[in-house]
Amino acid sequence: MAIRPTCVIIAKLICGKVKLPLLRAPPTSLLKLLYNKGEMRNHFREFIRAYNMMFSFTSLGGKVNNSINNGAGPYLFQLCGENYHLIGDMLPGPDKNPAFLQLYIHDTANEISNRMAAYGRTGSTEKIKRQIVEILKNMLDANNCYVGAFRSARERLEVSGAGRRMRLVLASGRSTDGRTYNLPTENDVAALIPGDFEKSMENRDIILESSTGKLQRISELHPAYLPLQYPLLFPFGEDGFRLGIDIGFLDKKGRKRKTITMREFFAFRIQERFGESPII
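FYI, in numbering that gives the first Met the number 0 the residues of the sequence shown are 0 to 279.
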């Protein structure tokens, strides 16, 4: 029996009627690290996963199997079980070192050193270049809406003082059309509210406390699911998949579904196009 190639199915999804906004060209500093010929480019490409991890807001759930890398072959990343993303509090607990999103808020005067130290708890920093860490920090500060939101939260927390409990809400809802718009602003993605302020929240909203010592799992349907984990792939904080993106055409075959599926979204996103960011 003939097997229909997956690439044909994907091509039909891409070349068909599903339309999404293209990813804009990445910042110049990131493009230089990726494409300028030389030792810096080779180094960055080799260790890009480490650099991305340094700036991730979230941690990767699941069990990583490192036993398969005992031989002389190329490095393999094997994740066993379910893949999910976890996010913590805005501030580290007593006698705890900052990690992930906390590095955008806590002790930012020593941020570069803190990021390298945080990565050093899970991997070697011997070959990590401080210069590149600083370039990436400045790039994300200037462009990423989530970084801007956390920087603003830091300022508000400093003004309010440690005695007042605050929450940072990363909203899952969007008022814009997902077919034409995927670049949220700082005000679109986050709101800092007093901890005693009660408001009805969407089930998928991410509500970050000042410091509880607990981790929470992020819904795969939250538009920030990807940009929080992969800031170097989405340097502007572009939205990932979310429910309710209009399919954008009238189905003459009588199909009742009016929104795109996750499969259609990612099939569209992983294809390379002229005029779109080449990072993915």
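Quick reminder that beta carbons are idealized off the backbone N, C-alpha and C, glycines included.
- Query: Quick one, which of Gly243, Phe56 and Lys36 has its alpha-carbon nearest Ala148's?
  - Reply: Translated into the one-based positions of the sequence shown, residue 148 becomes position 149. Of the candidates Gly243, Phe56 and Lys36, the one whose C-alpha sits nearest the C-alpha of Ala148 is Phe56.
- By Cβ distance below 7 Å, which residues in the same chain neighbour Lys128 in space, the five residues on each side in sequence not counted? Translated into the one-based positions of the sequence shown, residue 128 becomes position 129. Excluding sequence neighbours, Lys128 sits near His42.
- Asn137 to Leu21, Cα distance in whole Å? For this step, residue 137 is matched to residue 138 along the sequence shown. For this step, residue 21 is matched to residue 22 along the sequence shown. Whole-angstrom Cα-Cα distance: 24 Å.
- Query: Cα-Cα, which of Asn142, Glu125, Glu133 and Asp238 is closest to Gly177?
  - Reply: Position 178 of the sequence shown, counted from the first residue, corresponds to residue 177. The option with the nearest alpha carbon to Gly177 is Asp238.
- Rank Leu225, Pro234 and Val132 by C-alpha distance to the C-alpha of Phe240 and give the top, closest one. Translated into positions along the sequence shown, residue 240 becomes position 241. Nearest of Leu225, Pro234 and Val132 to Phe240, Cα basis: Leu225.
- Item | Residues that Asn41 bridges to, as DSSP identifies them | As a first step, residue 41 must be located in the sequence shown, where it is residue number 42. Answer is none; Asn41 lacks a bridge partner.
- Helix or strand or just coil, what does DSSP make of Gly162? The residue labelled residue 162 in the question sits at position 163 within the sequence shown. With a pLDDT of only 47 at Gly162, under 50, the local geometry of the prediction cannot be trusted, and no value is derived from it.
- Rounded to a whole number of angstroms, what is the C-alpha to C-alpha distance between Thr107 and Asn113? Counting from 1 along the sequence shown, the entry for residue 107 is found at position 108. Counting from 1 along the sequence shown, the entry for residue 113 is found at position 114. In a straight line, the C-alpha of Thr107 is about 8 Å away from that of Asn113.
- Query: What's the gap between the Cα of Ala152 and the Cα of Pro93?
  - Reply: In the sequence shown, residue 152 corresponds to position 153, counting from 1. In the sequence shown, residue 93 corresponds to position 94, counting from 1. Roughly 20 Å between the two C-alpha positions.
- Item | Met52 classed as buried or exposed, judged by whether at least 16 other C-beta atoms fall within 10 angstroms | In the sequence shown, counting from the first residue as 1, residue 52 sits at position 53. It is buried - the Cβ of Met52 has at least 16 other Cβ atoms within 10 Å.
- Pairwise C-alpha distance: Pro26 and Ala141: For this step, residue 141 is matched to residue 142 along the sequence shown. For this step, residue 26 is matched to residue 27 along the sequence shown. Each residue's alpha carbon lies about 9 Å from the other.
- Item | Per DSSP, the bridge partner or partners of Cys79 | Within the sequence shown, residue 79 is the residue found at index 80, counting from 1. According to DSSP, Cys79 bridges with Lys62.
- Message: Can you list, in chain order, the residues of its chain with a C-beta nearer than 6 Å to that of Leu33? Leave out the 5 residues immediately preceding and following it.
- Response: Walking along the sequence shown from the start, residue 33 turns up at place 34. Here the set comprises nothing.
- Query: Mind checking Ala98: buried by the 16 CB within 10 Å criterion, or exposed?
  - Reply: Counting from one through the sequence shown, the residue named residue 98 turns up at place 99. Buried, since its Cβ has 16 or more Cβ neighbours within 10 Å.
- Message: Just verifying my parser: in three-state terms, what is the DSSP assignment at Thr27?
- Response: For the purposes of this step, residue 27 is taken as residue 28 along the sequence shown, with counting starting at 1. Three-state result, Thr27: helix.
- Message: Per DSSP, what are the beta-bridge partners of Leu220 in this structure?
- Response: Along the sequence shown, one-based indexing puts residue 220 at 221. According to DSSP, Leu220 bridges with nothing at all.
- Exposed or buried, Gly80, counting other C-beta atoms within 10 Å across all chains shown (16 or more means buried)? As a working note, residue 80 is residue 81 in the sequence shown. Exposed, since its Cβ has fewer than 16 Cβ neighbours within 10 Å.
- Cut-off 6 Å between Cβ atoms - residues of its own chain near Ile134, not counting five sequence neighbours on either side: Stepping through the sequence shown from its first residue, residue 134 is reached at position 135. Only Ser28 meet the Cβ criterion.
- Which word fits Pro73, buried or exposed, when buried means at least 16 other C-beta atoms lie within 10 angstroms of its C-beta? For the purposes of this step, residue 73 is taken as the residue at position 74 of the sequence shown. Counting Cβ neighbours within 10 Å, Pro73 comes out exposed, since fewer than 16 surround it.
- So, Arg216 versus Leu19, is the Cβ gap smaller than 8 Å? Here residue 216 refers to the residue found at position 217 when the sequence shown is read from its first residue. Here residue 19 refers to the residue found at position 20 when the sequence shown is read from its first residue. Contact flag unset, no.
- Within its chain, find whatever has a CB closer than 7 Å to the CB of Met320; leave out the 5 residues flanking it on each side and keep chain order. A question about residue 320 goes unanswered here, because the residues of the chain that appear run from 0 up to 279.
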